[in-house]
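Chemist: One structure follows; several queries about it will come next.
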Amino acid sequence: MATRARRRPAGKPRQILTILLLLLVALYAGIAGTTAWGSPHGKWTPQLGLDLEGGRQITLQPIVGKGQQVNAGEVEQAVNIIRNRVNGNGVSEAQVTTVNKSLIQVSLPGNPSEQTLKSLAQSSQLSFRPVITAQQIAPAQTPTPTPSGSASPSSTPKGSKSPATSGKSTPAKSQASSTGKSTGANDLVPQAFKADTSTPSPSGKDSSSSKATSKPSATSTPTPKPTTPQRQLPGARPTPSSGSDDAWGDFPVDSIWVDNGLATPGETYTELFQAYPCTQAAAPKGKPALKWQEIAAQAPAGQPNVGCDDTEKYLMGPVEVQGKDLTDASYGQSTNQQGVATNQVVVNLKLDGTGAKAFAAVTERLTPYPAGNPKKRFAVTVDGKVITAPESQAVITDGQAQISGNFTESSAKTLANQLKFGALPFSFKELTSNQVSPQVGTDQLQKGILAGLIGLALVVLYSLLQYRALGFVTVASLVVAGVSSYGLVTLLGFTSGFRLTMAGVTGLIVSIGITADSFIVYFERVRDEVRSGRPLRAAVETGWARARRTIIVSDAVNFLAAAVLYVLSEDNVKAFAFTLGLSTLVDIAVVMMFTHPVLTMLARTRFFGSGHKWSGFDPDRLGAAGVTYAGRGRVTIADRKAAGDSTAVEGGHA
């Protein structure tokens, strides 16, 4: 038993070193994985910031309606939102500033993707609107079918029709055009709407569409019965009973459509729906499809609206759940009712109390409509584009919703960040876009690296002169710290968008001194124990127990300072604080998992354990050469040699 007790500590340092080696292998294996299978592919070198690599500079101009003005508060709000968006994946070192009080200039490092550039100017105003009618988008703009039933709004409504009647009288072909398709953004119902899906949706084939039409009438599911309007609006227009009412189609369009030349005074939303182009090929000459979408994004929330996704065009009622009611947005893979992850990427939304209440009310109204009826659907729009328009299968009361569609992880992540950080007070258009060269020349970067190498060389020289052979432990520890920091900075460039700037390089250079300071504290504690008469093996353990607390407290203060600086600063200063904090964490790991285990193993060797004059633990050099009796059978090296009392008797007789 005693033998095992002695052997157990001997193997512990080797185990710790093995764990450290495995962590380093895993770190660089992760980098290798990003270079081989990453999308986009990673690199073996850190990503560089705007000042070292250059990038793209974009100037954004606000889009406002007639009579509207841009104030300084809204511009500052937009700057903060854009900065949060571009830095949503980590420290990407983007610079967002104002120009001439109304323009916003965004400088992005490297070669940003087209998706990233587009996301800057989008307002990202999220809204939930009930669908009144929907129409398939043909390759070329097809004539709008004659309105009938609930498939499209009536041009001369005589009041609100019963959804039950509308669902039965709708031709099967019109129902198929609403939801029957094999591909598109609305193939899969979001998880928040999934509950009872036993009622089949109508098939897209004409041969089976009559069966799909007849099924809703055969079910026992009650259909909603809007109340008869009690009040008439001017012009003998009936008051809509809900956001899904056909009566909205006969309302004159808002002035924003007229002011921008996309509609004429007195034109109704039904006529706007018929004229609205979903593709550039269908757009009237001189009125690009993107212009229609921009105006749809600015349409009043209390009025109907028109929008498109990749396969359908929608006439929608007023907004019933607004983006301001959103408290959080994230993305990930959806799960089925058994909790198993699917391959569909979705955006998860969390609503506050007001939004959850409104969401519950609208799903309660939509759910009873028969499958295939457009009024059963709820459109999710962002910046005038319909992201998805699923059918409501259950009443959702917990405020948890999902947006599904043709998302990739990248597009879902972009949308989630846009929604999470809020909508811009207005949309922007790109005024200029230019490639910019590095702000810091190559010679300045080389000088910075040279300064770091000089500092490292001085630390190594001091360690060898002060600690002799023990100084090589310092050198090895600095190498391990450097390899770890380089790997982490490189991997974070792929996983979190971290980019190394000149300020970040400065933080790494400063960390050399912090790391060396930890080694000095430890070594001096051990040497103090040797001076007091302890054998080296005991001195290493006792010195470590005392030095560890000092090192942890010192590094904790450094990390706290870096964290405060990171939170309160902007742009380049953040990079300095980030690398300083990262290096501090690396320092703690290296001291505990490399320096201490290595010194423990060296203390068991004859060269260091016997106090060789070149080991750094020479008793003569440390001022403790004699041996005296200290009482209670304890023999120790005299610590009073300098005073000439090498045979002092303490607590007993010699």
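For the sequence shown, this note's numbering begins at 703 and goes up steadily by one.
Cβ coordinates follow ideal geometry from the N, Cα and C atoms, glycine included.
When the Cα atoms are used, what is the spatial distance from P837 to Y971?
Modeler: Position check: residue 837 holds Gln in this sequence, whereas Pro was assumed. Going from the Cα of Q837 to the Cα of Y971 covers about 15 Å.
Chemist: Would DSSP call R716 helix, strand or coil?
Modeler: Helix, per DSSP.
Chemist: Go through the stretch 977–1021 residue by residue and report every complete run of the alpha helix (DSSP H) that reaches 4 residues or more, in order.
Modeler: Those alpha helix (DSSP H) runs which fall completely within the stretch 977–1021 and span 4+ residues are 991–1000.
Chemist: Does Y1071 come out as helix, strand or coil in the three-state DSSP assignment?
Modeler: DSSP places Y1071 in coil when its eight states are reduced to three.
Chemist: So for K1315, helix, strand or coil by DSSP?
Modeler: K1315 falls in the coil class under three-state DSSP.
Chemist: Report the rounded CA-to-CA distance for G775 versus K1122, giving the unit in angstroms.
Modeler: Approximately 20 Å, taken between the alpha carbons.
Chemist: In terms of residues, what are the limits of the beta strand (DSSP E) holding F1261?
Modeler: Segment L1238 to L1270 is the alpha helix (DSSP H) holding F1261; no beta strand (DSSP E) there.
Chemist: Measure the alpha-carbon distance for S1220 versus R1239 and round it to whole angstroms.
Modeler: If you take the alpha carbons of S1220 and R1239, they lie about 20 Å apart.
Chemist: When the Cα atoms are used, what is the spatial distance from K820 to E1132?
Modeler: C-alpha separation (whole angstroms): 9 Å.
Chemist: Is there at least one non-hydrogen atom of the ligand PLP closer than 7 Å to the beta-carbon of M1018?
Modeler: As for the ligand PLP, it is missing from this structure, which has no ligand bound.
Chemist: Starting from the C-beta of D1054, find all residues in its chain whose C-beta is less than 6 Å away, skip the five residues before and the five after it, and write them out in chain order.
Modeler: So the qualifying residues of the chain are D1027 and T1029.
Chemist: Can you tell me where the beta strand (DSSP E) holding A836 begins and where it ends?
Modeler: L828 to Q838 is the span of the beta strand (DSSP E), which, as asked, contains A836.
Chemist: With distances taken from CA atoms, which of D1289, I784, C1010 and L1017 is nearest V1084?
Modeler: Considering only alpha carbons, the answer is C1010.
Chemist: At which residues does the beta strand (DSSP E) containing K1087 begin and terminate?
Modeler: Here the beta strand (DSSP E) through K1087 covers K1087 to T1090.
Chemist: Taking contact to mean at least 3 C-beta pairs separated by less than 8 Å, is the stretch 1039–1051 in contact with the stretch 1006–1021?
Modeler: Contact fails: fewer than three Cβ-Cβ distances are below 8 Å.
Chemist: So, do the stretch 1083–1097 and the stretch 994–1001 have three or more beta carbon pairs nearer to each other than 8 Å?
Modeler: Verdict: yes, contact present.
Chemist: Is the stretch 1286–1298 touching the stretch 1178–1187, taking contact as three or more C-beta pairs under 8 Å?
Modeler: Result yes; three or more Cβ-Cβ pairs closer than 8 Å.
Chemist: What three-state label does DSSP hand A1276 in the structure shown?
Modeler: Here residue 1276 turns out to be Lys, not Ala, going by the sequence shown. Three-state DSSP puts K1276 in a helix.
Chemist: In terms of residue numbering, what span does the beta strand (DSSP E) encompassing T1044 cover?
Modeler: Its beta strand (DSSP E) spans residues A1043 to L1053.
Chemist: Return the Cβ separation of L810 and G757 in integer angstroms, given the expectation that the two are a contact with Cβ distance under 8 Å.
Modeler: Confirmed, Cβ separation roughly 5 Å.
Chemist: Between which two residues does the beta strand (DSSP E) carrying P811 extend?
Modeler: From DSSP, the beta strand (DSSP E) with P811 extends over L805 to P811.
Chemist: When the Cα atoms are used, what is the spatial distance from E1066 to A1118?
Modeler: C-alpha separation (whole angstroms): 26 Å.
Chemist: Which residues in the same chain as T1281 place their Cβ atom closer than 6 Å to its Cβ, once the five residues preceding and following it in sequence are excluded?
Modeler: Correct list, in chain order: G1206, G1209 and L1210.
Chemist: Taking only the alpha-carbon atoms, compute the straight-line gap between A1063 and V1097 and give it to the nearest angstrom.
Modeler: Answer to the nearest angstrom: the Cα atoms are 8 Å apart.
Chemist: If the criterion is Cβ atoms closer than 8 Å, does the pair Q995 and S829 meet it?
Modeler: Result no, Cβ atoms of Q995 and S829 do not sit closer than 8 Å.
Chemist: From R1227, A1241, S1256 and V1269, pick the residue whose C-alpha is nearest to that of A1249; which is it?
Modeler: Per the Cα distances, R1227.
Chemist: Considering only the beta carbon of each residue, do A1081 and A1091 sit closer than 8 Å?
Modeler: Result yes, Cβ atoms of A1081 and A1091 sit closer than 8 Å.
Chemist: Please classify I1156 as buried or exposed, where buried requires at least 16 other C-beta atoms within 10 Å of its C-beta.
Modeler: I1156 comes out exposed.
Chemist: Could you round the C-beta distance between L1051 and A1031 to whole angstroms and report it? I think they count as a contact, below 8 Å.
Modeler: The Cβ separation is near 6 Å, so the contact holds.
Chemist: Are at least three pairs of beta-carbons, each pair with one atom in the stretch 1308–1315 and one in the stretch 1245–1260, less than 8 Å apart?
Modeler: The answer is no - the stretch 1245–1260 does not touch the stretch 1308–1315, with fewer than three Cβ pairs under 8 Å.
Chemist: In whole angstroms, what is the alpha-carbon distance linking L1147 and L719?
Modeler: Cα to Cα, L1147 sits roughly 35 Å from L719.
Chemist: In the stretch 714–761, which residue ranges form an unbroken alpha helix (DSSP H) of at least 4 residues, counting only runs that do not cross its ends?
Modeler: Qualifying alpha helix (DSSP H) stretches, in chain order: 752–755.
Chemist: Helix, strand or coil for E969, going by three-state DSSP, please let me know.
Modeler: Three-state result, E969: coil.
Chemist: Verify whether the separation of the beta carbon atoms of L1158 and I1105 is less than 8 Å.
Modeler: Against a cut-off of 8 Å, the Cβ pair of I1105 and L1158 comes out as no contact.
Chemist: Grab me the residues of V1161's own chain with a C-beta within less than 8 Å of its C-beta, minus the 5 sequence neighbours each way, in chain order.
Modeler: Same-chain partners within the cutoff: T1176, L1180, I1214, G1215 and A1218.
Chemist: Assuming I760 and V808 make a contact with CB atoms under 8 Å, what is their CB distance in whole Å?
Modeler: Yes, I760 and V808 are in contact; Cβ-Cβ is about 5 Å, under 8 Å.
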